[in-house]
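The sequence shown lines up with residues 63 to 300 when you count with our numbering.
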Amino acid sequence: MRSLLELFERLLSCATQDDLHRAGDACVRRLGYDAWVYAVMPAGAVEMPYICGSSPAAWYTHHFQQGHGVADAVFAHCRTHTKPLLWNVDEPGSEAELSCPVFFRETADFGLRNGITVPVHGLGCRWGMLTVAGSQPMTRRASAQRIGDVALLASYLHEAGHRLACAAVDGEPVHLTQREIECLRWTAEGKTGWEISKVLGISERTVVFHLENAARKFGVFGRRQAAARAIALQLISL
Numbered sequence: 063m064r065s066l067l068e069l070f071e072r073l074l075s076c077a078t079q080d081d082l083h084r085a086g087d088a089c090v091r092r093l094g095y096d097a098w099v100y101a102v103m104p105a106g107a108v109e110m111p112y113i114c115g116s117s118p119a120a121w122y123t124h125h126f127q128q129g130h131g132v133a134d135a136v137f138a139h140c141r142t143h144t145k146p147l148l149w150n151v152d153e154p155g156s157e158a159e160l161s162c163p164v165f166f167r168e169t170a171d172f173g174l175r176n177g178i179t180v181p182v183h184g185l186g187c188r189w190g191m192l193t194v195a196g197s198q199p200m201t202r203r204a205s206a207q208r209i210g211d212v213a214l215l216a217s218y219l220h221e222a223g224h225r226l227a228c229a230a231v232d233g234e235p236v237h238l239t240q241r242e243i244e245c246l247r248w249t250a251e252g253k254t255g256w257e258i259s260k261v262l263g264i265s266e267r268t269v270v271f272h273l274e275n276a277a278r279k280f281g282v283f284g285r286r287q288a289a290a291r292a293i294a295l296q297l298i299s300l
């Protein structure tokens, strides 16, 4: 079995967001968590951060749809602090929960009960963060014992991820076809490929084709991540 440090070092060889996604999953699972999100605002970005991770894309969709986005208290903390946040919806009254109520209420809606958020800075980025989250009960004491490992993971992820984030900002704008936009909009509404095919009057295979093309253009893995990215870039609205 690979050591934890060996898993972290594999992040440094990631050349695409798909590579980073898979390597990040392996690291986070080793730490005992179910989901993660790395979000960073490159120096050239205007409003929306570069986002990569395995947290439910439906949460991103809902979060941006409700107008929270980068204005929420978690992102506000990460812009001006380096101190990690511990959060646990089963232990109300924590500092993090009091300062970031929207974030914790919404993550609980998607089955994520506890986690750690570590701010990241530097490497040509204005600010960023790594959040790891778990669905199983965990005491605050147990979470605190994992802060060091999560902070180290945040350092490695930022070392690997900032290159992809800056490249995404410097690259050419993503151009979507009208069908790709329609399929992404209905995906963001929560409809399945079959349901979208009935709405648009096309085959389900064609819906899959358009969604896969959109995901490829964004450099993300999966239709829901593509929908979340389209919302973040304001290419679709709900």
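Positions of the beta carbon are idealized from the N, C-alpha and C atoms, including for glycine.
What residues in its chain sit with their C-beta under 6 angstroms from that of residue i, if we drop five residues either side in the sequence?
i    : result
E153 : R202
A85  : R72, L73, C76
Got a sec? Which residues, its chain only, sit under 7 angstroms from residue i by beta carbon, not counting five neighbours each side?
i    : result
A105 : G186, C187, R188
G223 : L82, Y100, V102, C114
I209 : P146, I178
R285 : T249, L273, A277
G255 : E266, V269, V270
Examine the ligand FMN and report whether any of its heavy atoms sits within less than 7 angstroms of the Cβ of residue i.
i    : result
N150 : Ligands are entirely absent from the displayed structure, and the ligand FMN is therefore not among its contents.
Considering only residues of the same chain and omitting the five flanking positions on each side of residue i, which have a CB-CB separation below 8 angstroms?
i    : result
L238 : L246, A276, K279, A292, L297
A88  : L69, R72
G129 : In this predicted model, G129 has a pLDDT of only 49, less than 50, meaning its place in the structure is not dependable; the value taken from the coordinates is given anyway. Cβ within range, chain order: n/a, list empty.
E257 : W248
S259 : S265, E266, T268, V269
Hey, would you say residue i sits closer than 8 angstroms to residue j, going by beta carbons?
i    : j    : result
H220 : G196 : no
T249 : A213 : no
C140 : P181 : yes
To the nearest whole angstrom, what separates the beta carbons of residue i and residue j, a pair I think is in contact under 8 angstroms?
i    : j    : result
S205 : N150 : 7 angstroms
V236 : W98  : V236 to W98, Cβ: 24 angstroms. No contact.
L262 : E244 : 6 angstroms
R92  : L67  : Not confirmed; about 11 angstroms, so no contact.
Alpha carbon to alpha carbon, how far is residue i from residue j?
i    : j    : result
R175 : D96  : 10 angstroms
Q79  : E266 : 26 angstroms
K253 : R64  : 40 angstroms
G173 : A138 : 24 angstroms
L148 : E242 : 39 angstroms
Give the single residue among the options whose Cα lies nearest to the Cα of residue i.
i    : options                : result
Q240 : V269, L215, Y218, G255 : V269
A216 : K260, T142, I264, G184 : G184
E251 : L295, C228, S299, Q207 : S299
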